[in-house]
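What follows is one structure encoded as structure tokens, with my remarks underneath.
In this note's numbering, the protein residues as written are 22 to 266.
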């Protein structure tokens with residue numbers, strides 16, 4: 022039985038990844054910061070897909086939260102999907118110190134802390150155990166893609182891309198570390214934006230539609246499967262970068 026941990030799994034991309042792993046008969050640790058109901062719904066879908074799992078609410082931007090997640094894991098995790106994230110749009114001049122700290126903790130520090138514990142746990146199992154980590158960034162973390170109102174989020178997501186490369190070098194050959202960088206994905210966050218904003222975003226995407234969560238999940242599973250790939254950043258943006266250039 023393959024044990025996989027998915028953070029930010031109560032909705033959207035994280036839920037799609039968890040369910041896809043369930044179809045592969047994995048035991049999935051479903052994690053979110055505070056969404057108990059969403060976690061339960063995800064776990065029900067994982068089990069309906071043929072997998073098993075456990076759900077836990079924990080702040081993976083803290084060492085204590087990370088410890089709770091790994092204590093809940095039934096068996097030795099082999100896959101880690103660092104999907105937890107949060108975006109707050111605020112004019113740059115209005116960003117407060119706490120806002121910067123929140124974006125860093127949720128989007129970047131969580132990736133570092135979860136990956137560190139994952140590797141420690143993997144190494145403690147002895148032998149020649151192998152594993153795979155996939156981190157989720159954002160197009161706002163790409164060079165030239167940040168805006169003033171997403172400055173803190175963009176900086177943290179750029180950090181995820183950079184951290185991915187550093188960990189890929191450090192953890193080879195036993196652990197592969199890759200990144201996916203989605204564009205505009207049809208999630209609850211997207212649904213909360215105004216119709217005018219969605220229309221503007223859609224107009225910037227050459228494929229003329231938003232990315233579906235399951236399409237990002239497919240890319241994540243691809244990276245989990247291929248041990249010849251490490252340090253890669255797979256951008257899934259529907260051609261947005263091409264149009265923006």
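Cβ atoms here follow ideal geometry from the backbone N, Cα and C, with glycine treated the same way.
Being a predicted model, the structure only gives us computed values, none of them experimental.
{"Asked": "Three or more C-beta pairs below 8 Å linking the segment 164-174 and the segment 185-203", "Found": "no"}
{"Asked": "Cross-strand partners of residue 53 (DSSP beta bridge)", "Found": "78"}
{"Asked": "Cβ neighbour criterion (16 or more within 10 Å) applied to residue 263", "Found": "exposed"}
{"Asked": "Residue 247 in three-state terms, based on DSSP", "Found": "coil"}
{"Asked": "Given residue 92 as reference, the closest of 40, 36, 24, 129 once Cα atoms are compared", "Found": "24"}
{"Asked": "Any beta strand (DSSP E) of 3 or more consecutive residues that is wholly inside the segment 103-170", "Found": "152-157"}
{"Asked": "In chain order, each alpha helix (DSSP H) run of at least 4 residues that lies wholly inside the segment 174-235", "Found": "209-212, 216-224"}
{"Asked": "For residue 231 and residue 153, believed in contact at Cβ under 8 Å, the rounded distance", "Found": "About 27 Å separates the two Cβ atoms, so there is no contact after all."}
{"Asked": "The segment 95-113 in contact with the segment 122-130 per 3-pair CB rule at 8 Å", "Found": "yes"}
{"Asked": "Those residues which DSSP pairs with residue 100 across a bridge", "Found": "25, 153"}
{"Asked": "Any 3 or more C-beta pairs closer than 8 Å across the segment 132-144 and the segment 78-94", "Found": "yes"}
{"Asked": "Buried or exposed by the 16-neighbour rule on C-beta atoms within 10 Å, applied to residue 76", "Found": "buried"}
{"Asked": "Beta-carbon spacing of residue 71, residue 46 below 8 Å", "Found": "yes"}
{"Asked": "Residue 28 versus 69, 127, 244, residue with shortest Cα-Cα distance", "Found": "127"}
{"Asked": "Three-state secondary structure assigned by DSSP to residue 31", "Found": "coil"}
{"Asked": "Cα-Cα separation between residue 258 and residue 205, rounded to whole angstroms", "Found": "7 Å"}
{"Asked": "Contact belief for residue 172 with residue 243 at Cβ below 8 Å, rounded distance in angstroms", "Found": "With 8 Å as the limit, residue 172 and residue 243 do not qualify as a contact, their Cβ atoms being about 31 Å apart."}
{"Asked": "C-beta contact flag for residue 227 and residue 252 at 8 Å", "Found": "no"}
{"Asked": "Member of 151, 178, 139 whose CA lies at the smallest distance from the CA of residue 161", "Found": "178"}
{"Asked": "Residue 69 versus residue 79 - alpha carbon distance", "Found": "24 Å"}
{"Asked": "Residue 224 classed as buried or exposed, judged by whether at least 16 other C-beta atoms fall within 10 angstroms", "Found": "exposed"}
{"Asked": "Contact check, residue 234 vs residue 34, beta carbons under 8 Å", "Found": "yes"}
{"Asked": "Cβ-based neighbour list, residue 55, same chain, cut-off 7 Å, excluding 5 preceding and 5 following", "Found": "78"}
{"Asked": "Identified DSSP bridge partners for residue 255", "Found": "201"}
{"Asked": "Residue 52 versus residue 95: straight-line alpha-carbon distance, rounded", "Found": "14 Å"}
{"Asked": "Same chain, Cβ closer than 8 Å to residue 97, five either side skipped, listed in chain order", "Found": "24, 142, 143, 146, 150"}
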